[in-house]
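The numbering of the sequence shown is this note's numbering, which starts it at 1 and goes up by one.
We treat Cβ as the ideally placed atom computed from N, Cα and C, and that holds for glycine.
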Amino acid sequence: MSDSIGGFRSDGSSIVTMEQVIGLIGFGEAGSTFARAGDWAAAAHIFDVKTDDAATRDAMLARYVEAGVPAADNLADALNGVSLIMSLVTADQALAVAQAAAPLIAPGALYCDLNSVAPQTKLAAAQAIEAAGGYYVDVAVMAPVDPARLNVPLLLSGARAGEAEGRLQALGFAKTRVVGEAVGRASSIKMIRSVMIKGIEALTAECVLAASAADVLDEVLASLDASERPRPWDVRADYNLDRMLVHGLRRAAEMEEVVKTLEGLGTGAAMTRGTVERQRAIGALGVKVPPEGLGAKMDAIVNRKVEEFSLRHSPEGGKPAPAFAIVESLGHGSPPSRE
1 MSDSIGGFRS DGSSIVTMEQ VIGLIGFGEA GSTFARAGDW AAAAHIFDVK TDDAATRDAM
61 LARYVEAGVP AADNLADALN GVSLIMSLVT ADQALAVAQA AAPLIAPGAL YCDLNSVAPQ
121 TKLAAAQAIE AAGGYYVDVA VMAPVDPARL NVPLLLSGAR AGEAEGRLQA LGFAKTRVVG
181 EAVGRASSIK MIRSVMIKGI EALTAECVLA ASAADVLDEV LASLDASERP RPWDVRADYN
241 LDRMLVHGLR RAAEMEEVVK TLEGLGTGAA MTRGTVERQR AIGALGVKVP PEGLGAKMDA
301 IVNRKVEEFS LRHSPEGGKP APAFAIVESL GHGSPPSRE
């Protein structure tokens, strides 16, 4: 099995000098961007499923040529004898690709899964890889790959995350950090962070589209500027939970009127309906004097929901895990299976 041997250019970028160091699965935006930025032409065997489709094969092969990377005939060829594998496919194919790759990998190979999927998906993929004798590493890509390229922040978790970090750094990745030994930890950070980042994007769209339709965009933006002030996220989260615990029911009623406003404008109210639900659920807990501090507030929410859940679902007095209580009572539907 080949090991990575490389050096660095005068500008600090890496040069990988040994062939067949990397088995790269997927050559879309992320895969092709990394390969070009790292000059992996002599170091990687690339396979993308689009080369199996007559309708997309020529375009993908042309992309290989443009990037100066060798094309593998199939997945087995791409992974043959490779000690470092990077999976960069679409989210819906991440698990299937890991399962397909598992019987083809060399014993002891590092399988770095950089796909944006749930921790449950990565745990399932890890089972397939490790049952076949490989080592699975959960890698979360924490920013757009372009224009950051090899400077994109990567979080790694898994039993061999430290080893994988060294291998990725040798390929030129400059911002890596190991966040734990448990597969799923890195992806949990990314997925849950996306609640805020992507949620703010969606809220922004819902807000400005409605403001524009009502011809009040300038006024709304000016009002937001006047009320916004920089503060750390832990302080912001503490304040927001305090307001929801104390005023959630009233705010839910107010947001129902906001839903009517947006629906009247015809611009959509999907995010605002979710706000109504969340404000009402937190406000209904009855914590009228919230404890000090973010951690204490979250504990109060969890404990109150555990109590309520136990009263409804545990006639013998047993308490379920807090996560199940929160999912059941702060969202829709039943708690997930314990299995």
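- Taking the alpha carbon of E292 as the point to measure from, which residue in E254, A214, V235 has its own alpha carbon closest? V235
- Query: Between G38, L294, L262, which lies nearest to L241 when the distance is taken from Cα to Cα?
  - Reply: L294
- Task: Express the C-alpha separation of E228 and S13 in angstroms, rounding to a whole number.
- Result: Bear in mind that a pLDDT of 46 at S13, under 50, signals an unreliable position, so the model cannot answer this.
- Message: Please identify the residue among L88, A102, A62 whose C-alpha is closest to the C-alpha of N80.
- Response: A102
- Task: Starting from the Cα of V141, find the closest Cα among A132, A118, A131 and give me that residue.
- Result: A118
- Message: Nearest by alpha-carbon distance to A62: which of F27, T90, S87 is it?
- Response: F27
- Task: Could you tell me which residues DSSP puts in a beta bridge with L84?
- Result: I22, L110
- Alpha-carbon to alpha-carbon, E29 and V178: 24 Å
- Message: So the candidates are M196, A43, I85; which of them puts its Cα closest to the Cα of L75?
- Response: I85
- Going by alpha carbons, who is nearest to A72 out of V195, K260, G23, R185? G23
- With 16 other Cβ atoms within 10 Å as the buried cut-off, status of V195: exposed
- Own chain, CB closer than 7 Å to M271, minus 5 neighbours either side, in chain order: A202, L203, E206
- Residue environment, E165, which counts as buried when at least 16 other CB atoms sit within 10 Å: buried
- Query: How would you label N115, buried or exposed, when you count the other beta carbons within 10 angstroms and need 16 or more for buried?
  - Reply: buried
- For D146, is the classification buried or exposed, using 16 other Cβ atoms within 10 angstroms of its Cβ as the cut-off for buried? exposed
- Task: Would you be able to state if there are at least three C-beta pairs under 8 Å between the segment 217-233 and the segment 147-161?
- Result: no
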